[in-house]
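Each residue of the sequence shown is one higher than the last, beginning at 8 in the numbering used here. Glycine residues also receive a C-beta, built at the ideal position from the N, C-alpha and C atoms.
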Amino acid sequence: MDAINDYYMEELDLSAMKRFFLEQGERRILEKQDYFVRQGERSGRVAYVEDGMFRFVRTDTKGGEHIVGYSF
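Okay, structure coming up:
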């Protein structure tokens with residue numbers, strides 16, 4: 008996973024965005040199964056994943072969760 012992150016940081020030059028998040032943002036540590044934002048909530052927040060990964064899930068009408076993406 009580190010290689011993927013290194014590739015994106017070098018190829019897309021996200022260093023300015025990373026620096027902005029680290030300098031101006033609020034650091035939050037999310038534990039496994041914590042939510043950054045829940046389905047249906049309105050949020051104006053963005054996140055920078057420093058370590059670990061996010062799992063994006065969608066809840067269907069029967070309450071089942073479906074993984075729709077990951078962020079490393």
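For residue j and residue i, the rounded distance between their alpha carbons
i	j	result
Asp-67	His-73	8 Å
Tyr-77	Arg-65	12 Å
Ser-50	Arg-62	17 Å
Lys-69	Val-53	29 Å
Leu-37	Phe-43	8 Å
Glu-30	Glu-57	13 Å
Among the options, nearest to residue i - alpha-carbon criterion
i	options	result
Met-24	Gln-46, Ile-36, Arg-45 and Tyr-55	Tyr-55
Gln-40	Val-75, Ser-50 and Met-60	Met-60
Val-75	Phe-27, Glu-57 and Gln-46	Gln-46
Reduced DSSP secondary structure (H/G/I, E/B, other) of residue i
i	result
Glu-38	coil
Glu-18	helix
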